[in-house]
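2 protein chains.
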Amino acid sequence: MYQPTATEENYLKTIYHLSNTGIKSVNTSSIATSMETTAASVTDMLRKLSDKEWINYEKYKGVKITRKGEKVALGIIRKHRLWEVFLTNILDFEWDEVHHMAEELEHVSSEELIKRLDTFLGHPKFDPHGDPIPDQTGKMESHDKFNLSAGEAGEKYIITGVTDHSTLFLKHLRKYGLLPGVTVSIAEIMDYDKSMLVKVNKDKFHLSLEVSKNILIKKYVSSK
Amino acid sequence: MYQPTATEENYLKTIYHLSNTGIKSVNTSSIATSMETTAASVTDMLRKLSDKEWINYEKYKGVKITRKGEKVALGIIRKHRLWEVFLTNILDFEWDEVHHMAEELEHVSSEELIKRLDTFLGHPKFDPHGDPIPDQTGKMESHDKFNLSAGEAGEKYIITGVTDHSTLFLKHLRKYGLLPGVTVSIAEIMDYDKSMLVKVNKDKFHLSLEVSKNILIKKYVSSK
DNA sequence: TACTATTTTTAGATTTGTCTAAATTTAATA
DNA sequence: TATTAAATTTAGACAAATCTAAAAATAGTA
Ligand SMILES: [Mn+2]
Ligand SMILES: [Mn+2]
Ligand SMILES: [Mn+2]
Ligand SMILES: [Mn+2]
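Here you go:
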């Protein structure tokens, strides 16, 4: 139908993400905050996105993304995450360095390029942060993820991702080797502040609730 | 100093190329033709590029690129050609398919990304079309290239590049396996139309002057 | 319910890059 | 050299995306 501009792609991606963050209705100001722009600019853009049928928009009533808009958003998210895999696995960037570059690369338009990149990378299912990569049709894995802060003392878990994607947080976790795929056992949970003592390989760390709240895990199972 | 926009980068790249195509002074209309835009638009942009000291521009007198502007242009050309190597060598695209994608990828801004891509690719000196890749300082190899049409019957040559970069021409050459690095011997040159019979491996082809004029070669030397 | 605070939209500008049409300058030629 | 042709620049407009400030609508609260 229409060919979205890079800006339109960014709006749709943001609206898609906000729609899936438990936030009831996606309103103008939440979009403005996420996009680091003004509510007035968002209103302007919402009208354009609505004209092109990527969202349903009624003045003052908030926004709902359409199936069409979702398809655009998932395409961009797919590109973003595949490029992130490329940057970490092939060019050896750290997981806290790749997001900014992927923000640019995700707008390179060739579908064939991303198809071949996907093949070259071995059809990865998750990006370096543990986020699932949509396939060409938009489908992706959704392993039930829960927070390390909800884990129990004495139990063993595998890190599957993070809820805070900020460079600061990712860098912090890297210092402890707390990356997706790594096995963590909870040695002790402090009653006073809910901080925890965890074991990773031979090392023991003390993690604040602030940190454990933002780490996603699944139960450890020895078979694969 | 200033951060060039993608459009400014494209203008500078075009001006740089025109400056090195033997065309005496780079004039407004030649830029307009190359960029597929109007002379009026070019005039507007020349003023901007001049303000930012990437070109020297005097009304009605044409354009000369500055050292600063050349540095910008060479940076873009480096990115363009490295991405072309990536697309052909790593993602298995054909040499006639990569230019369009590289036109987008060349504007991805990270210097560190291109540095690592260069390392990953093994610091290639030439792109898939035989064009030299500038290094980080802007230096590049300039093998003296001459045209196959100026070759002599009975002699053996190695293809080093092309002067026509159109998809049509590149596709045509691919059909015959006439790619950079391939050895060609001229069996016969027809007096009437200067067309030639060439041998590539076991195959013999008849090449029109139109074609041989656009193929760049160097003398064959058995040692390396 | 009435008033106030917050959110959202509108109005009016600005920047970047583009265009067409008209005016101006330079080049070509009779 | 005078006149015509071609190239270039200017003038005025437009689309995309943004902004600030003001107006309008909705939500929160006494
Ligand atoms: Mn990211
Ligand atoms: Mn983006
Ligand atoms: Mn190219
Ligand atoms: Mn090339």
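Taken in order, these protein sequences are the chains called Z and L. Just add 419 to wherever you are in the first sequence, counting from 1, and you've got the numbering used here. Just add 419 to wherever you are in the second sequence, counting from 1, and you've got the numbering used here. Ideal Cβ positions, reconstructed from N, Cα and C, are used throughout, including at glycine.
Checklist entry - Exposed or buried, what is F565/Z when buried is set at 16 or more other beta-carbons lying within 10 Å of its beta-carbon? => result exposed
Next on the checklist: According to DSSP, P599/Z sits in a beta bridge with which residue or residues?
Outcome noted: None; P599/Z has no bridge partner.
Checklist entry - Using a Cβ-Cβ distance under 7 Å, would F539/L count as near chain Z? => result yes
Item to check | Beta-carbon gap between E530/Z and K544/Z smaller than 7 Å | outcome: no
Checklist entry - Quick one: which chain Z residues come within Cβ less than 8 Å of R535/L? => result L510, D511, F512
Next on the checklist: So, at 7 Å on beta carbons, what are the nonlocal neighbours of N439/L in its own chain, with the 5 sequence-adjacent residues on each side left out?
Outcome noted: none
Checklist entry - Per DSSP, what kind of secondary structure is V482/Z in: helix, strand or coil? => result strand
Checklist entry - Smallest Cα separation from H591/Z: which of I552/Z, F624/Z, K618/Z, N620/Z? => result F624/Z
Checklist entry - At least one CB of chain Z closer than 7 Å to the CB of V527/L: is that the case? => result yes
Next on the checklist: Taking a contact to mean a Cβ-Cβ separation below 7 Å, would you say L589/L touches D515/L in this structure?
Outcome noted: yes
Next on the checklist: Can you tell me where the beta strand (DSSP E) holding Y576/L begins and where it ends?
Outcome noted: 575-581
Item to check | Closer than 7 Å to chain Z by CB, M520/L | outcome: yes
Checklist entry - Nearest to K483/L by alpha carbon, out of F505/L, L465/L, S631/L, I577/L? => result L465/L
Checklist entry - Hey, would you say E503/L sits closer than 7 Å to K487/L, going by beta carbons? => result no
Next on the checklist: Is A521/L close to ligand 3? I mean its beta-carbon at under 6 Å from any heavy atom of the ligand.
Outcome noted: yes
Checklist entry - Is H374/Z near ligand 1, going by C-beta to nearest heavy atom under 6 Å? => result Lying before the first or after the last residue shown, residue 374/Z is absent from chain Z, which here runs from 420 to 643.
Checklist entry - From D612/Z, L532/Z, E522/Z, pick the residue whose C-alpha is nearest to that of M520/L; which is it? => result L532/Z
Item to check | Neighbouring residues, chain L, relative to L524/Z (Cβ below 9 Å) | outcome: L524, V527, L532
Checklist entry - Taking the C-alpha atoms as reference points, what is the distance between S568/L and K632/L? => result 5 Å
Checklist entry - Looking at the unbroken beta strand (DSSP E) that takes in K638/L, where does it start and where does it end? => result 634-638
Checklist entry - Just the residues with CB closer than 6 Å to a heavy atom of ligand 4, in chain order, which are they? => result R500/L, E503/L, D546/L, H548/L, D550/L
Checklist entry - Quick one: does the C-beta of E525/Z sit closer than 6 Å to a heavy atom of ligand 2? => result yes
Next on the checklist: Measuring CB atoms only, is the segment 599-617 of chain L touching the segment 576-584 of chain L, in the sense that at least three cross pairs come out at less than 8 Å?
Outcome noted: yes
Next on the checklist: So if DSSP puts V533/Z in a beta bridge, which residue, or which two residues, is it bridged to?
Outcome noted: Residue identity check: residue 533/Z is Ile in the sequence provided, not Val. DSSP output for I533/Z lists no bridge partner at all.
Item to check | Cβ-based burial, H499/L [other Cβ within 10 Å; buried from 16] | outcome: buried
Checklist entry - Of all the options T433/L, D470/L, R497/L, which has the alpha carbon lying nearest to the alpha carbon of E455/L? => result T433/L
Checklist entry - Is the distance from the Cβ of I605/Z to the Cβ of E574/Z below 7 Å? => result yes
Item to check | Environment of G549/Z [buried if 16+ CB atoms lie within 10 Å] | outcome: buried
Next on the checklist: Please identify the residue among E571/L, L616/L, D622/L whose C-alpha is closest to the C-alpha of Y639/L.
Outcome noted: E571/L
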